[in-house]
Each structure stands twice: as structure tokens, then as C-alpha cells.
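Here the structure is laid out as C-alpha cells; the discussion comes afterwards.
There are 2 protein chains.
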Amino acid sequence: MTRDIDKTGLIPGKVVDRLPLYLRIVKSCLNNQVKVISSEELADAAMVNSATVRRDFTFLGSLGVRGSGYEVEVLYRAISQKLGTNHAWPVIIAGAGNLGKALTNSPGFNSNGFSVVGLFDVDARVIGSQVNDLVVQPMSELNETVKDLTNTIGIIATPPSAAEKTALDMINANILSILNFAPTLLKIDKKVRVRNVDLSLELEVMAFYSTQAANKKSEI
Amino acid sequence: MTRDIDKTGLIPGKVVDRLPLYLRIVKSCLNNQVKVISSEELADAAMVNSATVRRDFTFLGSLGVRGSGYEVEVLYRAISQKLGTNHAWPVIIAGAGNLGKALTNSPGFNSNGFSVVGLFDVDARVIGSQVNDLVVQPMSELNETVKDLTNTIGIIATPPSAAEKTALDMINANILSILNFAPTLLKIDKKVRVRNVDLSLELEVMAFYSTQAANKKSEI
DNA sequence: TAGATTGTTAATCGATTAACAATC
DNA sequence: TAGATTGTTAATCGATTAACAATC
Numbered sequence: 001m002t003r004d005i006d007k008t009g010l011i012p013g014k015v016v017d018r019l020p021l022y023l024r025i026v027k028s029c030l031n032n033q034v035k036v037i038s039s040e041e042l043a044d045a046a047m048v049n050s051a052t053v054r055r056d057f058t059f060l061g062s063l064g065v066r067g068s069g070y071e072v073e074v075l076y077r078a079i080s081q082k083l084g085t086n087h088a089w090p091v092i093i094a095g096a097g098n099l100g101k102a103l104t105n106s107p108g109f110n111s112n113g114f115s116v117v118g119l120f121d122v123d124a125r126v127i128g129s130q131v132n133d134l135v136v137q138p139m140s141e142l143n144e145t146v147k148d149l150t151n152t153i154g155i156i157a158t159p160p161s162a163a164e165k166t167a168l169d170m171i172n173a174n175i176l177s178i179l180n181f182a183p184t185l186l187k188i189d190k191k192v193r194v195r196n197v198d199l200s201l202e203l204e205v206m207a208f209y210s211t212q213a214a215n216k217k218s219e220i
Numbered sequence: 001m002t003r004d005i006d007k008t009g010l011i012p013g014k015v016v017d018r019l020p021l022y023l024r025i026v027k028s029c030l031n032n033q034v035k036v037i038s039s040e041e042l043a044d045a046a047m048v049n050s051a052t053v054r055r056d057f058t059f060l061g062s063l064g065v066r067g068s069g070y071e072v073e074v075l076y077r078a079i080s081q082k083l084g085t086n087h088a089w090p091v092i093i094a095g096a097g098n099l100g101k102a103l104t105n106s107p108g109f110n111s112n113g114f115s116v117v118g119l120f121d122v123d124a125r126v127i128g129s130q131v132n133d134l135v136v137q138p139m140s141e142l143n144e145t146v147k148d149l150t151n152t153i154g155i156i157a158t159p160p161s162a163a164e165k166t167a168l169d170m171i172n173a174n175i176l177s178i179l180n181f182a183p184t185l186l187k188i189d190k191k192v193r194v195r196n197v198d199l200s201l202e203l204e205v206m207a208f209y210s211t212q213a214a215n216k217k218s219e220i
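From first to last, the protein sequence lines stand for chains L and H.
With this note's numbering applied, the first sequence covers 1 to 220.
With this note's numbering applied, the second sequence covers 1 to 220.
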């Protein structure tokens, strides 16, 4: 995960990174009719320290009740609001290969306010094909599709070679938040918010720890 | 990205996280016939501080030449060795949906020593279908496929509901390193190295920064 | 020798957490 | 009032980085 954007001025990036995790836990409490949760319980579920939880929540205001804990409903609203997942986020995906299709169908991309409203590709062989309830559109239709939307988030799920051009097309369509799944560092205008997600990077880090473990075993 | 495994004792997790990035940059130098690179140049490419680069490299030994820089070839070998990407890593993927197929075809999963050697599913409708040069196998064949391999890495690309059982199947097949793409925290034996990759989490963090930016704009 | 860049020290910065007064 | 848990302080821990002596 690359840290391309930060500097909120207000709330530390590390805290922001934990909010979605808290949100997921709190939502499962909601589903299970749990009304109140303590920082200790939440900390257990999130695998962090309870002081960290309490400190993190102070960035959302004074939400808890001393002696009792946090009302789940209150937490849910506060975190959603802070993340912005309480309102709609249209998402468009460029690249209708396996990854693009996987993301289009992914529950995380069609809940919490997010919904995939367009799937684009340049390959004539996939344009027109059906994915879920979407039809793959040519990239040339991007502007038209997003022109009446606000705060559209663009996902780059193209091959690395096409990533840069795709980013420019998105910016041209006034998309200012881009999540890039192609393993390339995009060299684009700083006013655009870019987050890079590199799936194979995780694999290499995993290899490191496996090597460590294997070495340790062989020492015995 | 969750920090489930750490505690190398030797090399800090933050440094490990940067090694794959350095490796990619160094590899591109190799491809471009660049023989020597300074910490300053590398830092620029990786978007970190040059002192950080030099400090990170001390964990790999004393690799540089004062007054000149680092030999690209030397760096490449040292980082590959430390990460373990200098030897073969068999990878098996459970879940032959769009995500599983995307990962199977992903260059990052078929380079740097990694190669996907098996793709598994429980759904009779996809078992037997061809993905790249692999045929989707039933989960019941997992043990047989990996029994002669060492250091196999298992990828969970199943729906969340099947993640836990899949993890147990992998452990049963003696797979001790698991990369989990399902949005569930696996409750399994601590001897198994698990890394969780949550794609939608990134989307929520992105939403936060977009909200920030939108708010800032409306303040003007 | 002059110029450059490493490796390392020491300072700084930021994040985590133990501890506890405040208070439900 | 007794018990529990928050919100916050202060200590600790770890990571980053400026600065520079070492040295190619």
C-alpha cells in the first residue's frame, strides 16, 4: 500500500487506515443486535490495543459513555460520516479483464455507499459483454457516463502499459480520485488523489516471512 | 493491509515492506542497462528519503561504494536473497472466480520466483475449465498436488463464507503461508503465517480523502 | 587532492500504550 | 456508593531524517 496522499492536517493517516476496520466490526455488531461495545471488546476484534481504539475515536468526537462503553449505533454513524461512506460514491472501473470483473462483482465495491456504475475497456472483443448488470463500454464513452456524477472514484484495472493513459483519460473526465491496481507508479498531477494497490507486493513480503520461518526451523 | 505477522527479530516490518518496491526499481535499472545507482536516485524513484534507503540497505549488509553508489547487480542479488525471491515459490489458489483467475494470470504471481501451480474450486461447474495453462481442480485434490512441494504459498480467493474452511484445508495440506483476499479475519493456528489483503478497505480510505478534499473546496 | 556518496550517529518526529483521574 | 469504562496525560517505543565523518 503506498502512501501517496496524506496530510489531512487533522486526522493521522494511521488512524484513517483503521477506521474501515472498525466500521466493519461495528456493522457486524449491528447485524447481531449488539447495542453497546467497549473499547476493550472492539480492540480484541480489531487486534489492536484498547487505548488505541479510544484515542482513535477521539478524532470522531466524544462518543463513549464512561462506565458503559460505546453505543454501536452512534459509532456506526460517526465512522460512516467521517469516512464519507454515508453518502453515495459512484465507482467506474477501467479494464474489464478478470480483475476488473472481480472488482465489479465484489461486495465491497457495491455496499457502504459504493456502487460500480460503469465498466470500460478498449478491447473490441470485450466491449458489449455483460458483467453482472453492467455492459462493458468503450473508453470513449467515459466522459458521457460520468459527466453528471460527482465524486466519482476511478479504478485502474488495466495492464500496466495502459495505466498511465487510462489515468489521463479519467482526469480528463474530471475524476479526481483514482485507485490504481496496475503495478506502475503514475506520474500525474498532484491534485489527483491516487492510491496504489499492488497485489504481488504482498506476495513478496509473504515470501520474506516464509523464508525467515524456514531458516529458523533449519537452525534447530 | 493487516500486520498479522511480524517480529522477525532482525529486520523491521516497515523495512521489509519497502524491499519489494526497491526490488522493482532495481530490476528496471537492470533492464535499462543502468549499472550503478545512488541512494538519492533510488529514493526519488521510491518516493522516500535517501537516508531511509541507506539505512534500509544496511540490513542487507554493506552494499554500497562510498563516492559512487550501489552496483545495481549487487543490489538485485542482495534484495532477492533477503526476500527469498531468488528461489522458487509454488503458489496455489483456492477459488477460481474472477479474482482467482485474475491472480492466476497476474504477472506478479508468475515471476520473481513465484509460479501458480494449482487452481482449485469446489464448484462442479468450474472444475475442469481451463485458465491460462492450468485446469481448475477440485479442492479434494489439494493434498495430492502440493505434497511434494516445499514452502507452498496458499491464496484464498473464495467468498468470505468459505474462507475459514479453505484455510483449514490448506493447513491440512501442510501449507503454512496464506495470503487471504476474503474480507474475513481468519481464526487459525498462530503457527500459520497469514496476511490479509482487503481490496474494499482501500476504497473506503480513498473515500475519506475525497471527502476531505471536497470539504476543503467548499470552505473556500 | 577534490568531489561524491556511503554508513552511521544523534536529533526529531510520530505513534503506541500504560496508567489514572473523570464520570457514567 | 461501588463498579466499570471512558477520555487524556505522560511515558515509551519505534521510525524517519538531518548531518557528517569515513572513504571510495
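Glycine residues also receive a C-beta, built at the ideal position from the N, C-alpha and C atoms.
Residue interval of the alpha helix (DSSP H) (run including residue i)
i: leucine 179 of chain H; result: First-last for leucine 179 of chain H: 177 to 180, but that is the beta strand (DSSP E), not the alpha helix (DSSP H).
i: alanine 244 of chain L; result: Residue 244 of chain L lies beyond the stretch modelled for chain L, which goes from 1 to 220, so this question has no answer here.
i: arginine 24 of chain L; result: 13 to 31
i: arginine 77 of chain L; result: 72 to 83
i: valine 194 of chain H; result: Valine 194 of chain H -> not in any alpha helix (DSSP H); beta strand (DSSP E) instead, spanning 193 to 196.
i: asparagine 143 of chain H; result: 142 to 146
i: arginine 55 of chain H; result: 50 to 58
i: isoleucine 188 of chain L; result: Here isoleucine 188 of chain L belongs to no alpha helix (DSSP H), and DSSP marks it neither H nor E.
i: leucine 221 of chain H; result: No information on residue 221 of chain H is available, as it lies outside the stretch 1 to 220 that chain H covers here.
i: serine 161 of chain L; result: 160 to 172
Under 8 Å between C-beta atoms of residue i and residue j
i: leucine 203 of chain H; j: phenylalanine 109 of chain L; result: yes
i: valine 131 of chain H; j: lysine 101 of chain H; result: yes
i: serine 200 of chain L; j: serine 28 of chain H; result: no
i: alanine 167 of chain H; j: leucine 186 of chain H; result: yes
i: alanine 124 of chain H; j: threonine 158 of chain H; result: no
i: serine 50 of chain H; j: glycine 69 of chain H; result: no
i: asparagine 151 of chain H; j: tryptophan 89 of chain H; result: yes
i: arginine 195 of chain H; j: asparagine 180 of chain H; result: yes
i: isoleucine 156 of chain H; j: alanine 94 of chain H; result: yes
i: threonine 211 of chain H; j: glycine 13 of chain L; result: no
i: valine 117 of chain H; j: proline 138 of chain H; result: no
i: asparagine 98 of chain L; j: asparagine 98 of chain H; result: yes
Close beta carbons around residue i, own chain, < 8 Å, minus the five adjacent residues each side
i: histidine 87 of chain H; result: Gly113
i: alanine 46 of chain H; result: Arg18, Leu21, Tyr22, Ile25, Val53
i: valine 34 of chain L; result: Val72
i: leucine 30 of chain H; result: Val72, Glu73, Tyr76
i: serine 129 of chain H; result: Ala96, Val135, Val136
i: valine 48 of chain L; result: Arg18
i: serine 115 of chain L; result: Ala88, Trp89, Pro90, Val91, Phe109
i: lysine 191 of chain H; result: Leu176
i: alanine 213 of chain L; result: none
Other residues of its chain near residue i: CB distance less than 6 Å, five sequence neighbours each side excluded
i: phenylalanine 57 of chain H; result: Leu63
i: phenylalanine 208 of chain L; result: none
i: lysine 154 of chain L; result: According to the sequence provided, residue 154 of chain L is glycine. The question's lysine does not apply to it. Ile92, Met170, Ile175, Ile178, listed in sequence order.
i: methionine 1 of chain H; result: The predicted position of methionine 1 of chain H is uncertain, since its pLDDT is 36 and thus under 50; no value can be drawn from it.
i: lysine 147 of chain L; result: none
i: aspartate 247 of chain H; result: Outside the modelled stretch of chain H, which goes from 1 to 220, sits residue 247 of chain H, for which no answer is possible.
i: threonine 145 of chain L; result: Gly118
First and last residue of the uninterrupted beta strand (DSSP E) at residue i
i: proline 156 of chain L; result: At residue 156 of chain L the sequence reads isoleucine, which differs from the proline that was named. Segment 153 to 156, the beta strand (DSSP E) holding isoleucine 156 of chain L.
Other residues of its chain near residue i: CB distance less than 7 Å, five sequence neighbours each side excluded
i: valine 126 of chain L; result: Ala96, Val136
i: phenylalanine 59 of chain H; result: Ile11, Val15
i: aspartate 189 of chain H; result: Ile171
i: glycine 61 of chain L; result: Ala78
i: proline 160 of chain H; result: Ala182, Pro183, Thr184
Under 8 Å, CB to CB, which of the residues in the segment 182 to 202 of chain L have a partner in chain H?
Here the close residues are Pro183, Leu185, Arg193, Arg195, Val197, Asp198, Leu199, Ser200, Leu201, Glu202.
Quick one: complete beta strand (DSSP E) runs, 3+ long, within the segment 97 to 134 of chain H?
If one requires a minimum length of 3 residues, the beta strand (DSSP E) runs lying completely within the segment 97 to 134 of chain H are 114 to 121, in chain order.
Residues in the segment 152 to 164 of chain H having any Cβ partner in chain L nearer than 7 Å:
Within the segment 152 to 164 of chain H, the residues whose Cβ lies closer than 7 Å to any Cβ of chain L are, in chain order, Ile153.
Closer than 9 Å, Cβ to Cβ, to anything on chain H: give me those residues from the segment 91 to 106 of chain L, in chain order.
Residues Val91, Gly97, Asn98, Leu99, Gly100, Lys101, Ala102, Leu103, Thr104, Asn105, Ser106.
Using a Cβ-Cβ cut-off of less than 8 Å, give me the residues of the segment 15 to 41 of chain L that come near chain H, in sequence order.
For the segment 15 to 41 of chain L, the residues whose beta carbon sits under 8 Å from a beta carbon of chain H are, in order, Val16, Asp17, Leu19, Pro20, Leu21, Leu23, Arg24.
Within 7 Å of chain H by C-beta, residues of the segment 118 to 141 of chain L in sequence order:
So nothing in the stretch comes that close.
Residues in the segment 60 to 84 of chain L having any Cβ partner in chain H nearer than 8 Å
Contact residues of the segment 60 to 84 of chain L toward chain H are Lys82, Leu83, Gly84 (C-beta to C-beta distance below 8 Å).
Which residues, in chain order, does the segment 168 to 183 of chain L contribute to contact with chain H at a C-beta distance below 9 Å?
So the list reads Leu176, Ser177, Ile178, Leu179, Phe181, Pro183, given in the order they occur along the chain.
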